[in-house]
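Asks: Sequential numbering of the sequence shown, starting at 29, is according to our numbering. Each residue gets a CB set at the ideal place from its N, CA and C atoms; glycine is no exception.
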Amino acid sequence: FYLFMTQFLLWYTPNGFDTMHHHFSHVLGHSLRIISASVGVYVLSQYASTIIFSTIKKQWPTVTFFVSNVIALSLSQLLDTVLFTVIGLY
């Protein structure tokens, strides 16, 4: 809904008295790319987290659940931050 409404506000032709449309278009003009990057990087990060966790449990079966979970989450958050910075904020 948010993405649809931002695109509608950008598509909507303002009247002559509207002085804020320029600001809306500046702020919301990049929302499609940012939201798409956010969803895509979120999915990749979740997938990477499950792969990292399962790899840790296979390689080192004596590691506790807490430690393997912290390592997997830390690495997936690092991946999430780097990918979103590159893709979403480029």
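Taking buried to mean at least 16 other C-beta atoms within 10 Å of its own C-beta, is residue 112 buried or exposed?
Replies: Its Cβ being crowded by 16 or more others within 10 Å, residue 112 is buried.
Asks: DSSP state of residue 44, grouped into three classes?
Replies: In this structure, residue 44 counts as coil in the three-state DSSP scheme.
Asks: May I have the straight-line CA-CA distance separating residue 78 from residue 48, to the nearest angstrom?
Replies: Cα to Cα, the separation comes out at about 45 Å.
Asks: Can you tell me whether residue 69 is buried or exposed? The criterion is at least 16 other CB atoms within 10 Å of its CB, across all chains shown.
Replies: Label assigned to residue 69: buried.
Asks: Looking only at C-alpha atoms, which of 63, 38, 45 sits nearest to residue 54?
Replies: When each option's Cα is compared against that of residue 54, the closest is 38.
Asks: Below 7 Å CB to CB, which residues in the same chain sit around residue 56 once its five sequence neighbours on both sides are set aside?
Replies: Cβ neighbours of residue 56 beyond the five flanking positions: 34, 37, 38.
Asks: According to the Cβ coordinates, are residue 72 and residue 31 closer than 8 Å?
Replies: No; because the gap between Cβ atoms is not below 8 Å, this pair is not in contact.
Asks: Tell me the rounded alpha-carbon separation between residue 96 and residue 118.
Replies: Straight-line Cα distance between these residues: approximately 32 Å.
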